[in-house]
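Peer 1:
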Amino acid sequence: MKSSDVSILIPRGTPCPQSSQSLQLALVVLSIGAASHFMLFLDSVVDNLLPAAMPFLLSIYKTKEEADKAWEFLVSSRIYGLAVGCFLSIYFSNKYGRRMPILIGTVMDIIGVFLTVLTVYMPGGVSVAVVGRFINGIGQGIVQTSGSVMLAEIPPLRRRGTALATLTMWACMGELGGMLISLEELLGTSKHWHIAMGVPLLPLMPALYILYKAPESPRYLFMINREADARKALSFYQSPVDARQTIDEILDEMKLEDVDINSNTPKKKINREPSVSQVFERLKDGYFSRPLLIALFVQSFVHLDDWLWISYSTQIFENVGLSANRAQRASLLMSLPQAVISIALLGCFDNFSRRALLILPTVGSVLIGLMAILFTTFEKVLLRGIPIAVVLPILAAFDLSAAAISGESAFAIVPELFLQNDKILGTAIVGIAQNVFGGILTNFLLTAVNHLGTENVLVPFVMMNALYVFINYYHLPETAEKTPQEVALHFSPNPPFESSIAWLSRKYHEISLSIIPTKLFSLSTLIQLLIFITQVIFCVLFLNFSYNLGSQLLRLAAQSLGK
Numbered sequence: 248m249k250s251s252d253v254s255i256l257i258p259r260g261t262p263c264p265q266s267s268q269s270l271q272l273a274l275v276v277l278s279i280g281a282a283s284h285f286m287l288f289l290d291s292v293v294d295n296l297l298p299a300a301m302p303f304l305l306s307i308y309k310t311k312e313e314a315d316k317a318w319e320f321l322v323s324s325r326i327y328g329l330a331v332g333c334f335l336s337i338y339f340s341n342k343y344g345r346r347m348p349i350l351i352g353t354v355m356d357i358i359g360v361f362l363t364v365l366t367v368y369m370p371g372g373v374s375v376a377v378v379g380r381f382i383n384g385i386g387q388g389i390v391q392t393s394g395s396v397m398l399a400e401i402p403p404l405r406r407r408g409t410a411l412a413t414l415t416m417w418a419c420m421g422e423l424g425g426m427l428i429s430l431e432e433l434l435g436t437s438k439h440w441h442i443a444m445g446v447p448l449l450p451l452m453p454a455l456y457i458l459y460k461a462p463e464s465p466r467y468l469f470m471i472n473r474e475a476d477a478r479k480a481l482s483f484y485q486s487p488v489d490a491r492q493t494i495d496e497i498l499d500e501m502k503l504e505d506v507d508i509n510s511n512t513p514k515k516k517i518n519r520e521p522s523v524s525q526v527f528e529r530l531k532d533g534y535f536s537r538p539l540l541i542a543l544f545v546q547s548f549v550h551l552d553d554w555l556w557i558s559y560s561t562q563i564f565e566n567v568g569l570s571a572n573r574a575q576r577a578s579l580l581m582s583l584p585q586a587v588i589s590i591a592l593l594g595c596f597d598n599f600s601r602r603a604l605l606i607l608p609t610v611g612s613v614l615i616g617l618m619a620i621l622f623t624t625f626e627k628v629l630l631r632g633i634p635i636a637v638v639l640p641i642l643a644a645f646d647l648s649a650a651a652i653s654g655e656s657a658f659a660i661v662p663e664l665f666l667q668n669d670k671i672l673g674t675a676i677v678g679i680a681q682n683v684f685g686g687i688l689t690n691f692l693l694t695a696v697n698h699l700g701t702e703n704v705l706v707p708f709v710m711m712n713a714l715y716v717f718i719n720y721y722h723l724p725e726t727a728e729k730t731p732q733e734v735a736l737h738f739s740p741n742p743p744f745e746s747s748i749a750w751l752s753r754k755y756h757e758i759s760l761s762i763i764p765t766k767l768f769s770l771s772t773l774i775q776l777l778i779f780i781t782q783v784i785f786c787v788l789f790l791n792f793s794y795n796l797g798s799q800l801l802r803l804a805a806q807s808l809g810k
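So the sequence shown is numbered by the working numbering: it starts at 248 and just counts up by one.
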C-alpha cells in the first residue's frame with residue numbers, strides 16, 4: 248500500500264443482521280419519498296375537491312370565472328414553491344449535507360399542510376391556503392433535491408435504481424390517495440373538503456421521526472473526510488459485503504474526481520459552497536453542462552400529460568359530459584392502474600434498461616394522445632355511439648400507466664447523469680426548471696381546457712412527447728449500474744455548442760467594436776446581462792405570485808369592512 252492511499256476499514260464487532268440493515272435502508276428510502284413525492288397528493292386532491300370547494304369559493308368571489316382563477320393560483324402556488332425549494336437546496340445541501348436539509352424540508356412540509364387545513368377557519372382562508380401550499384412546495388423542493396441525491400448515495404450500486412424509482416411510486420400513491428380521499432363518500436364534501444388537504448400529515452409525522460434517527464449519507468461523510476462517521480453510517484444502511492464494495496467504489500470515485508477523466512492532469516478543487524462565478528465555471532466543463540442539458544430535457548418534459556390529467560382530470564371529465572360525482576370516480580379509477588404498476592415495477596426495475604423504460608412508454612403515450620384527440624374531435628364518426636365520457640377516462644388511465652414507467656426511469660436517470668460533486672447543483676437546477684415550467688403551465692391550463700377544449704390542449708403535448716422520444720433515443724446514455732465516471736465517458740469535456748458560441752462571440756465583438764469603440768460591452772458584461780434577464784424573469788414570476796396573493800387579501804379585507 249502506498250503512503251498516499253487511504254485505509255478505510257469496516258468497524259469490527261457484532262454486525263447487524265442483513266435483514267435489519269435492509270429494513271433500515273427501506274424505511275429511510277420510503278420516508279424520503281413520503282416527504283417529497285407523496286406531496287403530489289396535494290395536487291391531485293385539489294383537482295377532485297374543486298366541485299366541493301366551489302360553494303366556499305363563490306362565497307368569496309363574485310363569479311365562477313374568478314373562483315376558477317383563484318383555484319388555479321392556489322394550485323400553481325405549490326409548484327412555484329417547489330422551484331424555490333430546489334434553489335434553496337443548493338445552499339443547504341452544500342452547507343449542511345443531505346440529512347439536515349431533508350429534515351428542514353420535512354418540517355416545512357408539515358407546516359404547509361397544517362396551514363391549508365385552516366382554509367375555512369380564517370378570514371383570509373384562501374390566501375392562507377396559498378401560503379401554506381407555497382411553504383409545502385418549498386419543503387418538497389428541498390427534500391426532493393437533497394433526497395434524490397441521498398437515495399443515489401446510500402444503497403448499494405445494484406439497488407440504486409430501485410431506491411430512486413420509489414419516488415415515482417410515492418408520486419403515484421399520492422395521486423391515487425388524493426383522488427380517493429376526495430370522494431364525496433369520504434372527505435369530498437362542502438363541509439369536509441379542507442380536511443382532505445391535511446391527510447399528508449399522517450405519513451409525514453413518522454417519516455420525520457425516521458429521518459431524524461437516520462445517519463448522514465456515507466458518501467457525503469467521505470467527501471468531507473469524516474471517515475469514522477462514514478463507516479458507522481455504512482453499517483446502518485448496508486450489509487458488510489455491500490459496504491466493502493461501496494467503499495471500493497467511493498475510493499475510486501474520490502481519486503478520479505481529482506483527476507481529469509481523459510488524462511492524468513489534476514483538476515482544480517471546487518468549493519462545496521458554489522458562488523455564481525463558480526457555477527459559470529462548472530458550465531464551461533462539458534462533464535457538467537452536457538449532462539445538465541440532457542437532464543433538463545429528461546426531467547422537464549417527461550410525460551407532459553401528467554400536468555393535465557393529475558391537476559384537472561375531474562374538470563376535463565365534467566366537460567365531456569360526466570356529472571361531478573362520476574367525474575371524481577373516473578379520476579380515481581384513472582389513477583389506480585399507474586399506482587399498481589409503479590409498485591410492481593419496483594421488484595424488477597433494475598433488470599431493465601433505463602433508456603427503454605423511458606422511451607418505450609413515451610411512444611405509447613404519443614399513440615394514446617393521438618387517439619384521445621381523434622376520438623374527441625370525431626366522436627360521432629369514430630366511436631359510433633360510444634360516449635367520449637366513457638372512452639376518455641380509459642385513455643387517460645393508459646396514459647398515466649405509461650407515465651408511471653417513464654417517470655420512474657426519469658427520476659433514476661437525472662442524478663445518475665452527474666459526477667458526484669455535481670449531483671446537488673445539477674439536480675437542483677433541473678428541479679427549478681421543471682417546477683417553474685410546471686407552475687406556469689398549471690396557472691393557465693384550466694382556463695385553456697375550458698376555453699379551447701381538451702383535444703386542442705393535447706396537440707402540443709403529443710408533439711412534445713414525440714420530440715422527447717427522438718432526442719432521448721439519440722442523445723441519452725444508459726446509466727443503469729454505472730458509476731458517475733463511467734457515465735461521464737459518454738460526454739465530451741468541451742461545453743456544448745462551443746463552436747457556435749465562439750462564432751457568436753467573435754461576431755458580437757466585431758459588431759460591438761464597430762458601433763462603440765470601447766470595452767463597455769465585454770463578454771463579462773454580456774454574461775451579466777444574461778444574469779440580469781434571468782433575474783427579471785424570476786422577479787416577474789414572484790411579482791405575479793405576490794399580486795395575486797395581495798389582491799385576494801385586499802378583497803377579503805374589503806368584504807370584512809363591508810360586513
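C-beta atoms are modelled at their ideal positions from N, C-alpha and C, and glycine is treated no differently.
I'd like the span of the alpha helix (DSSP H) that includes residue 720, first residue to last.
Peer 2: Here residue 720 is taken as the residue at index 473 of the sequence shown, counted from 1. Unbroken alpha helix (DSSP H) run through residue 720: 701 to 722.
Peer 1: When you compare only the Cα positions, how much space is there between residue 725 and residue 602?
Peer 2: For the purposes of this step, residue 725 is taken as residue 478 along the sequence shown, with counting starting at 1. For the purposes of this step, residue 602 is taken as residue 355 along the sequence shown, with counting starting at 1. A straight-line Cα-Cα distance of about 6 Å links residue 725 and residue 602.
Peer 1: Any idea if residue 628 is buried or exposed, counting beta-carbon neighbours within 10 angstroms, 16 or more meaning buried?
Peer 2: The residue you call residue 628 lines up with position 381 of the sequence shown. Exposed, by the Cβ-count rule.
Peer 1: For a test of the three-state rule: what should DSSP assign to residue 456, helix, strand or coil?
Peer 2: The residue given as residue 456 occupies position 209 in the sequence shown. Secondary structure at residue 456: helix, using DSSP grouped into helix, strand and coil.
Peer 1: Tell me which residues share the same chain as residue 356 and place their Cβ nearer than 8 Å to its Cβ, disregarding the 5 neighbours each side in the sequence.
Peer 2: As a working mapping, residue 356 is identified with position 109 in the sequence shown. The answer, listed in chain order, is 282, 286, 383, 386, 387, 390, 447, 451.
Peer 1: With a cut-off of 8 Å, do at least 3 Cβ pairs link the segment 414 to 421 to the segment 302 to 320?
Peer 2: Because the criterion of three Cβ pairs below 8 Å is not met, the segment 414 to 421 and the segment 302 to 320 do not touch.
Peer 1: Any idea what DSSP makes of residue 737, helix, strand or coil?
Peer 2: On the sequence shown, residue 737 is found 490 positions in, with the first residue counted as 1. Of the three classes helix, strand and coil, the one that applies to residue 737 here is coil, per DSSP.
Peer 1: Can you check which of these residues, 593, 349, 305, is closest to residue 407 by C-alpha distance?
Peer 2: Counted from its first residue, the sequence shown places residue 407 at position 160. The shortest C-alpha separation from residue 407 is found at 593.
Peer 1: Return the Cβ separation of residue 533 and residue 740 in integer angstroms, given the expectation that the two are a contact with Cβ distance under 8 Å.
Peer 2: Here residue 533 refers to the residue found at position 286 when the sequence shown is read from its first residue. Here residue 740 refers to the residue found at position 493 when the sequence shown is read from its first residue. With a beta-carbon spacing of about 5 Å, residue 533 and residue 740 fall inside the 8 Å limit used to define contacts.
Peer 1: Taking 9 Å as the CB-CB limit, is residue 732 close to chain C?
Peer 2: This model lacks chain C altogether, as it is built from one protein chain only.
Peer 1: Decide if residue 467 is buried, meaning its Cβ has at least 16 other Cβ atoms within 10 Å, or exposed.
Peer 2: Mapped onto the sequence shown, residue 467 falls at position 220. Its Cβ being crowded by 16 or more others within 10 Å, residue 467 is buried.
Peer 1: Between residue 516 and residue 733, what straight-line distance do the alpha-carbon atoms span, to the nearest angstrom?
Peer 2: Position 269 of the sequence shown, counted from the start, is the residue given in the question as residue 516. Position 486 of the sequence shown, counted from the start, is the residue given in the question as residue 733. Any answer about residue 516 is weak, because its pLDDT of 49 lies below 50 and its placement is not dependable; what the coordinates show is given next. If you take the alpha carbons of residue 516 and residue 733, they lie about 21 Å apart.
Peer 1: Is it a yes or a no for the segment 629 to 645 touching the segment 559 to 574, going by three-plus beta-carbon pairs under 8 Å?
Peer 2: yes
Peer 1: Taking the alpha-carbon positions, what's the residue 430 to residue 559 distance?
Peer 2: Here residue 430 refers to the residue found at position 183 when the sequence shown is read from its first residue. Here residue 559 refers to the residue found at position 312 when the sequence shown is read from its first residue. Between residue 430 and residue 559, the C-alpha separation is close to 15 Å.
Peer 1: Does DSSP classify residue 731 as helix, strand or coil?
Peer 2: Taking the first residue of the sequence shown as 1, we reach residue 731 at position 484. Correct three-state label for residue 731: helix.
Peer 1: Out of curiosity, what's the CA-to-CA distance linking residue 455 and residue 620?
Peer 2: Working through the sequence shown from its first residue, we reach residue 455 at position 208. Working through the sequence shown from its first residue, we reach residue 620 at position 373. In a straight line, the C-alpha of residue 455 is about 44 Å away from that of residue 620.
Peer 1: Does DSSP put residue 299 in a helix, a strand or coil?
Peer 2: Residue 299 sits at position 52 when you count from the first residue of the sequence shown. Three-state result, residue 299: helix.
Peer 1: How about residue 464 and residue 346: are their beta carbons less than 9 Å apart?
Peer 2: Within the sequence shown, the letter at position 217 stands for residue 464. Within the sequence shown, the letter at position 99 stands for residue 346. For residue 464 and residue 346, yes; Cβs fall inside 9 Å.
Peer 1: Going by DSSP, what residue range makes up the alpha helix (DSSP H) through residue 589?
Peer 2: Numbered from its first residue, the sequence shown carries residue 589 at position 342. Taken as a continuous stretch (DSSP letters only), the alpha helix (DSSP H) holding residue 589 covers 571 to 593.
Peer 1: Identify every run of the alpha helix (DSSP H) within the segment 269 to 356, keeping only runs that are complete inside it and at least 4 residues long; order them along the chain.
Peer 2: 288 to 305, 311 to 343
Peer 1: Terminal residues of the continuous alpha helix (DSSP H) containing residue 622?
Peer 2: As a first step, residue 622 is located in the sequence shown; it is residue number 375 there, counting from the start. Annotation: the continuous alpha helix (DSSP H) that includes residue 622 extends over 601 to 624.
Peer 1: Excluding sequence positions up to five away, which residues of its chain have a Cβ less than 7 Å from the Cβ of residue 378?
Peer 2: As a first step, residue 378 must be located in the sequence shown, where it is residue number 131. Within the same chain, residue 378 has close Cβ partners 362.
Peer 1: Distance, Cα to Cα, residue 768 vs residue 675?
Peer 2: Locating residue 768 in the sequence shown gives position 521, where the first residue counts as 1. Locating residue 675 in the sequence shown gives position 428, where the first residue counts as 1. Residue confidence for residue 768 is low, a pLDDT of 46 falling below 50, so the modelled location carries little weight and cannot support an answer.
Peer 1: Which two residues bound the contiguous alpha helix (DSSP H) that contains residue 441?
Peer 2: Within the sequence shown, residue 441 is the residue found at index 194, counting from 1. Its alpha helix (DSSP H) spans residues 440 to 443.
Peer 1: Closest to residue 664 by CA distance: which of 395, 473, 420, 358 is it?
Peer 2: Walking along the sequence shown from the start, residue 664 turns up at place 417. It is 395 whose Cα lies nearest to the Cα of residue 664.
Peer 1: So, at 8 Å on beta carbons, what are the nonlocal neighbours of residue 399 in its own chain, with the 5 sequence-adjacent residues on each side left out?
Peer 2: As a first step, residue 399 must be located in the sequence shown, where it is residue number 152. So the qualifying residues of the chain are 407, 410, 411, 662, 663, 670.
Peer 1: In its own chain, which residues sit with a C-beta less than 8 Å from the C-beta of residue 540, not counting the 5 before and 5 after it?
Peer 2: Start at 1 with the first residue of the sequence shown, and residue 540 comes out as number 293. The answer, listed in chain order, is 743.
Peer 1: Does the segment 295 to 309 come close enough to the segment 475 to 495 that 3 or more CB-CB pairs lie under 8 Å?
Peer 2: The segment 475 to 495 vs the segment 295 to 309: no contact.
Peer 1: Going by beta carbon distance, what residues of the same chain come within less than 6 Å of residue 331, once the five residues before and after it are set aside?
Peer 2: Locating residue 331 in the sequence shown gives position 84, counting from the first residue. 385.
Peer 1: What did DSSP end up calling residue 485 once you bin it into helix, strand or coil?
Peer 2: Your numbering for residue 485 matches position 238 in the sequence shown. Of the three classes helix, strand and coil, the one that applies to residue 485 here is coil, per DSSP.
Peer 1: Reducing DSSP to helix, strand and coil, say where residue 368 ends up.
Peer 2: Here the question's residue 368 lines up with position 121 in the sequence shown. Looking at residue 368 - three-state DSSP - the assignment turns out to be coil, as it is neither helix nor strand.
Peer 1: Can you name the start and end residues of the alpha helix (DSSP H) that residue 562 belongs to?
Peer 2: By 1-based counting over the sequence shown, the position of residue 562 is 315. Under the DSSP assignment, residue 562 falls in the alpha helix (DSSP H) whose first and last residues are 552 to 566.
Peer 1: Figure out for me which residue from 577, 576, 553 has the closest Cα to the Cα of residue 709.
Peer 2: As a working note, residue 709 is residue 462 in the sequence shown. By alpha-carbon distance to residue 709, the top candidate from 577, 576, 553 is 553.
Peer 1: For residue 682, which of helix, strand or coil comes out of DSSP?
Peer 2: For the purposes of this step, residue 682 is taken as residue 435 along the sequence shown, with counting starting at 1. DSSP places residue 682 in helix when its eight states are reduced to three.
Peer 1: If you draw a straight line from the alpha carbon of residue 707 to that of residue 397, how long is it in whole angstroms?
Peer 2: One-based indexing of the sequence shown puts residue 707 at position 460. One-based indexing of the sequence shown puts residue 397 at position 150. Using only the alpha carbons, I get a separation of about 35 Å.
Peer 1: According to the neighbour-count rule (16 or more other Cβ atoms, all chains shown, within 10 Å of its Cβ), is residue 701 buried or exposed?
Peer 2: Your numbering for residue 701 matches position 454 in the sequence shown. That one is buried.
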